[in-house]
Amino acid sequence: MTTDHPGQVASATPPAPGRSRRSRRLSDRGLAVAFTSPALLLLLAMSVFPLLWALYLSFTDYSATRGGPAQFLWFENYTAILTSPQVHQRALTTLVYVVGAVTLQTVLGFAIAYLISRRTHGRGLLTTLFLVPMMLSPVVVGLFWRFMLDAQFGVINSMLGSLGLGQVEWLTGQRTALISLILVDTWQWTPFIMLIALAGLTAVPTYLYEAASIDRASEWFRFRTITLPLVWPLLLIAVLFRAIEAFRLFDLVYILTSGGPGVSTETLSFHVYKVAFLGFNTGTASAYGILMVLVVIVLTQLYLRYLNKLKED
Numbered sequence: 001m002t003t004d005h006p007g008q009v010a011s012a013t014p015p016a017p018g019r020s021r022r023s024r025r026l027s028d029r030g031l032a033v034a035f036t037s038p039a040l041l042l043l044l045a046m047s048v049f050p051l052l053w054a055l056y057l058s059f060t061d062y063s064a065t066r067g068g069p070a071q072f073l074w075f076e077n078y079t080a081i082l083t084s085p086q087v088h089q090r091a092l093t094t095l096v097y098v099v100g101a102v103t104l105q106t107v108l109g110f111a112i113a114y115l116i117s118r119r120t121h122g123r124g125l126l127t128t129l130f131l132v133p134m135m136l137s138p139v140v141v142g143l144f145w146r147f148m149l150d151a152q153f154g155v156i157n158s159m160l161g162s163l164g165l166g167q168v169e170w171l172t173g174q175r176t177a178l179i180s181l182i183l184v185d186t187w188q189w190t191p192f193i194m195l196i197a198l199a200g201l202t203a204v205p206t207y208l209y210e211a212a213s214i215d216r217a218s219e220w221f222r223f224r225t226i227t228l229p230l231v232w233p234l235l236l237i238a239v240l241f242r243a244i245e246a247f248r249l250f251d252l253v254y255i256l257t258s259g260g261p262g263v264s265t266e267t268l269s270f271h272v273y274k275v276a277f278l279g280f281n282t283g284t285a286s287a288y289g290i291l292m293v294l295v296v297i298v299l300t301q302l303y304l305r306y307l308n309k310l311k312e313d
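Once you know that position 138 of the sequence shown is 138 in full-length UniProt numbering, the rest is easy, because the numbers rise by one and skip nothing.
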C-alpha cells in the first residue's frame, strides 16, 4: 500500500511549523493572563478602587454617620484645608519630626555601619543585635517606651534621679514630647539605615583602599574621597524610604502621646485620623489623604531627579 499510494504518506505529515508555533504562543498568553488576572484584580480591588473612591469623596460633604446622599462641594474641602492655620501648624510639626528623625537616623546609622564594617570578628553578631529594634512591632515599641518614659514610674527618670538629676516630663511636656517621639523613632529605625549603609560599605572595592594605603593617604582622605562618594547614592535611597515612612507616622503618636500635650505632637496623619474617625468628616479626611499623596509624589519625583543627576555626574 505504501508503494502503490505514495500520496497517503504525504497526507500524514505534521502541520506547518508556523501554525504550531502560533497556537503555542496563544496558549502561553492565555496561561499568563490566567495566572496574573487574580493578582491584578486583587490589586485593583485593594489599592486602585479605594484611591478613586477617596478622590470622589474628597469633592463631597460625605459623612459616615450622616444619612442621605452626599452633596458636591467641588474644591471647597481643598480650599479649607490649604487655608487653615491648624493644618499649617500640623504640617510644621510633621516637618520638624521628619527632618529631625531622618537626620538622626542617617548620621547614627551610617556611623554604626562604618564602625561595624571595620571589624573582622563578630560582625554578624553585632549586625543581628542592632537589627532587633527594627524587627519589633511599632505598637510594642510604643508601649515599651511609654513605660520607659513615664514621668513617675519610668526607668529613665529613675536613672536620672539616681544620678542626682531632676525628673523630666518626657511625654507630657510641650517641648519634650516631640523630642521623645523623634528619639523613639530613631531607636527603632536607625538599624534600617545601618543595614543599607553596611551593604554599600561592604561593596566598596578593596583595591581602592589598598591603592590609598600605598600612597599613604590619611584616614579622613580615604573616607572623603572613596567611602562617602560610593555609599552616598545608596544612602540617599534609604533616606527617601525613611522620609516617606516618617511623613505618614501614626502608630507611635497614637500610643505615646495621642497628639498631646495639646496639639504639640499631632502630625498630619494623626490629624486625618481625628477628622475621619472622631469628627466623622469623611469628605474632608479624603481631601487630606489626596493632598498628602500628591505631596509625597511631587517631593519623591524631585528627589529622584536629584538622584539621577547625581548618578550622571
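From the three backbone atoms N, C-alpha and C, an ideal C-beta is built for every residue, glycine too.
Remember, predicted model here, so these are calculated numbers, not experimental data.
Check, Outcome
"Residue(s) in a DSSP beta bridge with T206", "BP columns for T206 are empty, so no partner."
"Of the residues R305, I290, L236 and G283, the one placed nearest P69, counting alpha carbons only", "G283"
"beta-carbon V231 near the ligand ADP non-hydrogen atom, thresh 8 Å", "This structure does not include the ligand ADP; it has no bound ligands of any sort."
"Among F147, L149, M148 and G109, nearest to F130 - alpha-carbon criterion", "G109"
"Helix, strand or coil at L247 according to DSSP, with G and I counted as helix", "The amino acid at residue 247 is misidentified as Leu; the sequence shows Phe. Correct three-state label for F247: helix."
"Inter-residue CB distance, M134 and P191 (contact presumed, cutoff 8 Å)", "4 Å"
"Option in L234, D150, Y97 and V293 with minimal Cα separation from W170", "D150"
"Whole-angstrom distance between Q71 and residue 321, CA atom to CA atom", "Residue 321 cannot be examined here, being either before or after the span of the chain that is shown, 1 to 313."
"CB-CB length for A287 against S58, believed under 8 Å", "4 Å"
"Nonlocal neighbours in the same chain, by C-beta distance under 7 Å from N281, ignoring five residues either side", "S63 and V275"
"Cα-Cα separation, H271 to R90", "8 Å"
"Neighbour-count burial assignment, E266, 16 or more Cβ in a 10 Å radius", "buried"
"Beta-carbon proximity list for L55, same chain, < 7 Å, skipping 5 on both sides", "I290"
"Check whether R146 and L256 have beta carbons under 9 Å apart", "yes"
"For T60, the three-state DSSP class (helix, strand or coil)", "strand"
"Nonlocal neighbours in the same chain, by C-beta distance under 6 Å from T106, ignoring five residues either side", "I193 and V239"
"Inter-residue spacing [alpha-carbon to alpha-carbon] between V298 and L304", "10 Å"
"Proximity to S258 [Cα-Cα], best of I244, L278 and A243", "L278"
"Nearest-angstrom Cα separation, counted from T93 out to R175", "12 Å"
"Where A113 falls, given that 16 or more other Cβ within 10 Å makes a residue buried", "buried"
"Rounded distance between the beta-carbons of I179 and L104, thought under 8 Å", "Not really, about 11 Å apart at Cβ, beyond 8 Å."
"Span separating the alpha-carbon of F221 from that of S269", "43 Å"
"Alpha-carbon spacing of L31 relative to P261, whole angstroms", "58 Å"
"Supposed close pair V102, A246 - CB separation, criterion 8 Å", "6 Å"
"Whole alpha helix (DSSP H) elements within the segment 42 to 128, 4-residue minimum", "49 to 57, 76 to 82 and 85 to 117"
"Reference L198, options G164, N77 and S117, closest by Cα", "S117"
"Under the three-state DSSP convention, the category S11 falls into", "With a pLDDT of 48 at S11, under the threshold of 50, the modelled position of that residue is not reliable, and no figure is offered here."
"Integer-rounded CB distance, given that T227 should sit under 8 Å from V204", "6 Å"
"Whether L252 touches V155 by CB criterion (9 Å)", "no"
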